């Protein structure tokens, strides 16, 4: 017979809302029972055989806040420091075309990604026992939208290029970004909800650092500097998006349409809000290009 440690061996602040003894697979579900208490409103789960306080814990929240601030500062600093480099390496026309591409990329990302990652935070509370199933369901819906986007780009590439003033040879880069970066955002949202801000920070830093380094080297040694910067800047996020999709699939293979409907009810209203906000902020770039 498998033996379990005595519940009294754990300090009161580390035990709470847990059935006892723990299940054999080491994963706590929502079953009820006699439960000791962890700090007020804390959410505690058994993960990998150990007690882990995920939410409602000040110490964990402070660590998460530190990593969030550090990562945000690093990313802003990189963008600020590299802007003068690219303005000197690229012509005014090439730099303007890159800005136009980036603006349309972010606008179309809001539409193609459907802001599904925004629903992950709410879903954590409503689907705790099947949280990874929810995330992979959102991923399936996102990939379905991506297939639709790729189809539109394939059949209407000329019209899209003419309307957005993006060279058609750059549409493949745009299509891959719209298809795979939403998976990166889903993975980041999942880790953020679970207070895994170290993982969030490492992935975000890797995306920015690799993209900036690759873009700088490519622009230095390429005659077509616009194409070099586009692929150098956005290929790392595309690759990381594919990696994040594989990681999420390893956690769950479940797809449920009910989860997708839940996500759409939360995310779709945000699409309009974010789209209008971004259009307001970037309309000057698009209007000047036209």
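Residue numbers (my numbering): 144 to 433.
Just so it is clear, CB atoms sit at the ideal spot from N, CA and C, and this is done for glycine as well.
Every value quoted in this text rests on a predicted model; they were computed, and no experiment measured them.
Give me the Cβ distance between residue 329 and residue 278, rounded to the nearest whole Å; I'm assuming they're in contact under 8 Å. That belief holds up - the Cβ atoms of residue 329 and residue 278 are roughly 6 Å apart, short of 8 Å.
Rounded to the nearest angstrom, what separates residue 413 and residue 287 at their Cα positions? Rounded to whole angstroms, the separation of the alpha carbons of residue 287 and residue 413 is 19 Å.
When the Cα of residue 276 is compared with those of 390, 295, 341, which residue comes out closest? Closest option to residue 276, Cα to Cα, is 390.
Nearest CA to the CA of residue 263: which residue from 380, 384, 388, 337? That would be 337, whose Cα lies nearest to the Cα of residue 263.
I believe residue 283 touches residue 411 by the beta-carbon criterion, under 8 Å. Please report the beta-carbon distance rounded to the nearest angstrom. Going by Cβ atoms, the distance from residue 283 to residue 411 rounds to 17 Å, so no, they are not a contact pair.
DSSP-derived helix/strand/coil call for residue 234: Of the three classes helix, strand and coil, the one that applies to residue 234 here is coil, per DSSP.
Alpha helix (DSSP H) runs wholly inside the segment 212 to 257, at least 4 long, in chain order: Entirely contained in the segment 212 to 257, the alpha helix (DSSP H) runs reaching 4 residues are, in chain order, 235 to 256.
For residue 414, does the three-state DSSP call read helix, strand or coil? In the structure shown, the three-state DSSP call for residue 414 is helix.
Note down, in chain order, each residue of its chain lying with its Cβ closer than 7 Å to the Cβ of residue 267, except the 5 sequence neighbours on either side. Residues of the same chain with a CB within less than 7 Å of the CB of residue 267, apart from the 5 flanking positions on each side, are 274, 336 in chain order.
What's the C-alpha gap between residue 346 and residue 300? Rounded to whole angstroms, residue 346 to residue 300 spans 32 Å at the Cα level.
CB-CB length for residue 378 against residue 357, believed under 8 Å: About 7 Å; that satisfies the 8 Å criterion.
Evaluate contact between the segment 237 to 251 and the segment 302 to 317, counting only Cβ atoms and requiring at least three cross-stretch pairs below 8 Å. With a cut-off of 8 Å, the segment 302 to 317 and the segment 237 to 251 count as touching, because enough Cβ pairs lie within range.
Are the Cβ atoms of residue 296 and residue 380 separated by less than 8 Å? Between residue 296 and residue 380, the CB-CB gap reaches or exceeds 8 Å.
Anyone know if the C-beta pair for residue 281 and residue 409 falls short of 8 Å? Contact flag unset, no.
Count the other CB atoms within 10 Å of the CB of residue 227; is the residue buried (16 or more) or exposed (fewer)? Looking at its Cβ environment, which holds fewer than 16 other Cβ atoms inside 10 Å, residue 227 is exposed.
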